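S.K.: The structure under discussion is supplied below as structure tokens; questions concerning it will follow.
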Amino acid sequence: MDRPTTGMVTTDAVVIGAGPVGLFQVFQLGLQGIAAHVIDALPHPGGQCVELYADKPIYDIPAVPVCTGRELTERLLQQIAPFKTPLHLQQEVVALQRQPNQRFRVTTASGQVFDCATVFIAAGVGAFAPRRVALDGLNALENRQVHYHAIATERLTGQAVVVMGGDAAALEDALALAQAGTCASVTLLHRIDKFRVEPALEQALRTALAQGQLQLVIGQPTELECEGEHLTALEIATDDGSARLPLDALLPRLGLSPKLGPVADWGLAMERKQLCVSTETFATSEPGIFAVGDINTYPGKRKLIVCGFHEATLAAFAAAAVVRPEERVLLQYTTSSPRLHALLGVAS
Ligand SMILES: Cc1cc2nc3c(=O)[nH]c(=O)nc-3n(C[C@H](O)[C@H](O)[C@H](O)COP(=O)(O)OP(=O)(O)OC[C@H]3O[C@@H](n4cnc5c(N)ncnc54)[C@H](O)[C@@H]3O)c2cc1C
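Residues 114 to 461 in the working numbering are what the sequence shown lists, from first letter to last.
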């Protein structure tokens, strides 16, 4: 992952969104010999696949009978590896402007600026923002002891972990950690003893509780207890007073609210919060700016990954004509083209 850098990045293409469609866009651009940089507001690639259903199976990816959201993302990252595309994570794109020389200027919230010939908006349903816990001092602990986004189980080994929330994401994360058996303890913290989940998931929780794999605390956190800059416990308001909950890590799972945010401010033609595109090129109303995946709309649009893959393929062909207007854009096969083999770094 690229850290926010200073200075301007100059590139052929910027892809906004590292969801499955943004990642496949990079692959198709690579086959066209178009260098790209990818920017995503999340701390990891995969978009909805990792943020909303990382460990659930997907059955409708061509030639992949079944894989999880995380596995699909890993395969897409493997597929784009030959192009060594920089991923700029945890950076929200806030501005997109055409420059007098007709190129584009893309700016992130951290102030990183990209100068590019083409832009691919693969922003899905918008940048995911986790609902925050309103407790004084908690923000400063984010990504150290407070993790709003998916985190690898190994990073929590030996820790007392508190998962907070009452919907499927909270219960699934708490159960997965409890079943991994690598944390010192796992506690599910929820304001009431009722959960907004399928009966089977609630049953799995009740069974794990009965077996002592994790504990349930009902209450609302009111205060942090810290030693220096280290969070050591939460003060909890409970029905019968208060309690102290010691912890090393807090995983709030209070839901995500996708915010379309700045995409709506870029002056592009939209219909019901989606970008209107041509189905030949997936260009938006602004030449040089393409929109692929869940963010776009056209007659017959279906929000499916396979549809986004098709859109990304045609958009890359159209972009080649923008980046290299003097060249004819030919269709070549990855099975037989020495040029594509060279781009992919495989022997002819
Ligand atoms: C529970 C569930 C199950 C699903 N199952 C299937 C299935 O089985 N098969 C299938 O085909 N589809 C399935 N889908 C739909 C599928 O996940 C979406 O169609 C797909 O994720 C769209 O990919 P995308 O790359 O267009 O957008 P997303 O996956 O939404 O990724 C967009 C990315 O853009 C980023 N972003 C947005 N705005 C900005 C900004 N301003 N700056 C920086 N980054 C930004 C976001 O953070 C996000 O990571 C499912 C969806 C859900 C919710």
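Where a beta carbon is used, it is the ideal one built from N, C-alpha and C, also for glycine. None of the values given here were measured: they were computed from a predicted structure.
Between Gly332 and Lys307, which are expected to be in contact by the criterion C-beta below 8 Å, what is the C-beta distance as a whole number of angstroms?
M.R.: Taking the sequence shown and counting its residues from 1, the one referred to as residue 332 is at position 219. Taking the sequence shown and counting its residues from 1, the one referred to as residue 307 is at position 194. 14 Å between Cβ atoms; not a contact.
S.K.: Would the C-beta of Tyr411 count as close to ligand 1, meaning under 7 Å from any of its heavy atoms?
M.R.: In the sequence shown, the residue the question calls residue 411 occupies position 298. Because no heavy atom of ligand 1 lies under 7 Å away, the Cβ of Tyr411 does not count as near it: no.
S.K.: Is the segment 220–227 in contact with the segment 198–206, if contact means three or more CB pairs nearer than 8 Å?
M.R.: Yes, they touch.
S.K.: Ligand 1 and Val376: does any heavy atom of the ligand fall closer than 7 Å to the residue's C-beta?
M.R.: The sequence position of residue 376 within the sequence shown is 263, counting from 1. For ligand 1, at least one heavy atom lies less than 7 Å from the Cβ of Val376.
S.K.: Report the residue from Asp249, Glu187 and Ser298 whose alpha carbon sits nearest the alpha carbon of Gly271.
M.R.: Along the sequence shown, read from residue 1 onward, the residue named residue 271 stands at position 158. With distances taken between Cα atoms, Gly271 lies closest to Ser298.
S.K.: Quick one: is the Cβ of Asp168 within less than 7 Å of any heavy atom of ligand 1?
M.R.: Here residue 168 refers to the residue found at position 55 of the sequence shown. Not so, every heavy atom of ligand 1 lies at least 7 Å from the Cβ.
S.K.: Below 7 Å CB to CB, which residues in the same chain sit around Ala321 once its five sequence neighbours on both sides are set aside?
M.R.: Locating residue 321 in the sequence shown gives position 208, where the first residue counts as 1. Here the set comprises Leu288, Ala291 and Leu327.
S.K.: Any beta carbon of chain B sitting closer than 8 Å to that of Thr426?
M.R.: Among the chains in the structure shown there is no chain B, since it carries only a single protein chain.
S.K.: Can you list, in chain order, the residues of its chain whose CB lies under 7 Å from that of Arg452, leaving out five sequence neighbours each side?
M.R.: As a position in the sequence shown, residue 452 is number 339, starting the count at 1. Excluding positions up to five away in sequence, the list reads Gln445.
S.K.: The beta strand (DSSP E) with Gln210 in it runs from where to where?
M.R.: Position 97 of the sequence shown, counted from the first residue, corresponds to residue 210. Where Gln210 is concerned, the enclosing beta strand (DSSP E) stretches over Val206 to Arg211.
S.K.: Count the other CB atoms within 10 Å of the CB of Leu443; is the residue buried (16 or more) or exposed (fewer)?
M.R.: As a working note, residue 443 is residue 330 in the sequence shown. By the 10 Å Cβ count, Leu443 comes out exposed.
S.K.: So what does DSSP say about Gly160, is it helix, strand or coil?
M.R.: To locate residue 160, count along the sequence shown from 1; it is residue 47. Coil, per DSSP.
S.K.: Going by CA-CA distance only, name the one from Pro178, Ala176, Pro199 and Glu164 that's closest to Thr186.
M.R.: The residue you call residue 186 lines up with position 73 of the sequence shown. For the residues Pro178, Ala176, Pro199 and Glu164, the minimum Cα distance to Thr186 belongs to Glu164.
S.K.: Leaving out five residues on either side along the sequence, give the residues of the same chain with a beta carbon under 6 Å from the beta carbon of Leu388.
M.R.: Reading the sequence shown from its first residue, position 275 is the one you call residue 388. Leu381, Thr397, Ala404, Ile408 and Asn409.
S.K.: What are the boundary residues of the beta strand (DSSP E) that includes Pro412?
M.R.: Here the question's residue 412 lines up with position 299 in the sequence shown. Careful: Pro412 lies outside any beta strand (DSSP E) and carries neither H nor E.
S.K.: Out of Val127, Thr123, Tyr166 and Lys372, which has the shortest C-alpha to C-alpha gap to Ala429?
M.R.: On the sequence shown, position 316 is the one that residue 429 refers to. Among Val127, Thr123, Tyr166 and Lys372, the Cα nearest to that of Ala429 belongs to Val127.
S.K.: Look up Leu456 in the DSSP assignment and say whether it is helix, strand or coil.
M.R.: Position 343 of the sequence shown, counted from the first residue, corresponds to residue 456. Leu456: helix per DSSP, three-state reduction.
S.K.: Just curious, the alpha helix (DSSP H) that Gln316 is in, first and last residue?
M.R.: In the sequence shown, the residue the question calls residue 316 occupies position 203. Run containing Gln316: Pro312 to Ala323, per the alpha helix (DSSP H) assignment.
S.K.: Might you give, ordered along the chain, the residues of its own chain that have their beta carbon closer than 6 Å to the beta carbon of Leu369, omitting 5 neighbours on each side?
M.R.: Within the sequence shown, the letter at position 256 stands for residue 369. The answer, listed in chain order, is Phe241 and Pro243.
S.K.: Figure out for me which residue from Lys372, Glu439 and Ala425 has the closest Cα to the Cα of Leu142.
M.R.: Numbered from its first residue, the sequence shown carries residue 142 at position 29. Measuring from the Cα of Leu142, the nearest candidate turns out to be Ala425.
S.K.: Who are the Cβ neighbours of Asp125 in its own chain at under 6 Å, not counting the five residues just before and after it?
M.R.: As a first step, residue 125 is located in the sequence shown; it is residue number 12 there, counting from the start. Within the same chain, Asp125 has close Cβ partners Ile147, Ala148, Ala230 and Val436.
S.K.: How should Arg116 be labelled, buried or exposed, when 16 other C-beta atoms within 10 angstroms of its C-beta is the threshold for buried?
M.R.: Position 3 of the sequence shown, counting from 1, holds the residue named residue 116. For Arg116, the predicted model reports a pLDDT of 44, less than 50, meaning its position is unreliable and no value from the coordinates is stated.
S.K.: Give the DSSP-derived three-state secondary structure of Gly354 in the structure shown.
M.R.: Residue 354 sits at position 241 when you count from the first residue of the sequence shown. It is a strand residue.
S.K.: Quick one: give me the first and last residue of the alpha helix (DSSP H) that Gln192 is part of.
M.R.: Locating residue 192 in the sequence shown gives position 79, where the first residue counts as 1. That run of the alpha helix (DSSP H) goes Gly182 to Ile193.
S.K.: Determine the extent of the beta strand (DSSP E) in which Ile331 is found, giving its start and end residues.
M.R.: For the purposes of this step, residue 331 is identified with residue 218 of the sequence shown, where counting begins at 1. Where Ile331 is concerned, the enclosing beta strand (DSSP E) stretches over Gln328 to Ile331.
S.K.: So, is Gln161 buried or exposed, given that buried needs 16 or more other C-beta atoms within 10 angstroms?
M.R.: Residue mapping note: residue 161 aligns to position 48 of the sequence shown, counting from 1. Result: buried.
S.K.: Distance, Cα to Cα, Leu373 vs Phe233?
M.R.: Residue numbering aside, residue 373 sits at position 260 when the sequence shown is read from its first letter. Residue numbering aside, residue 233 sits at position 120 when the sequence shown is read from its first letter. So the two alpha carbons sit approximately 15 Å from each other.
S.K.: Candidates Ile349, Glu340, Ala281 and Cys339: which alpha carbon is nearest Lys169's?
M.R.: Mapped onto the sequence shown, residue 169 falls at position 56. Per the Cα distances, Ala281.
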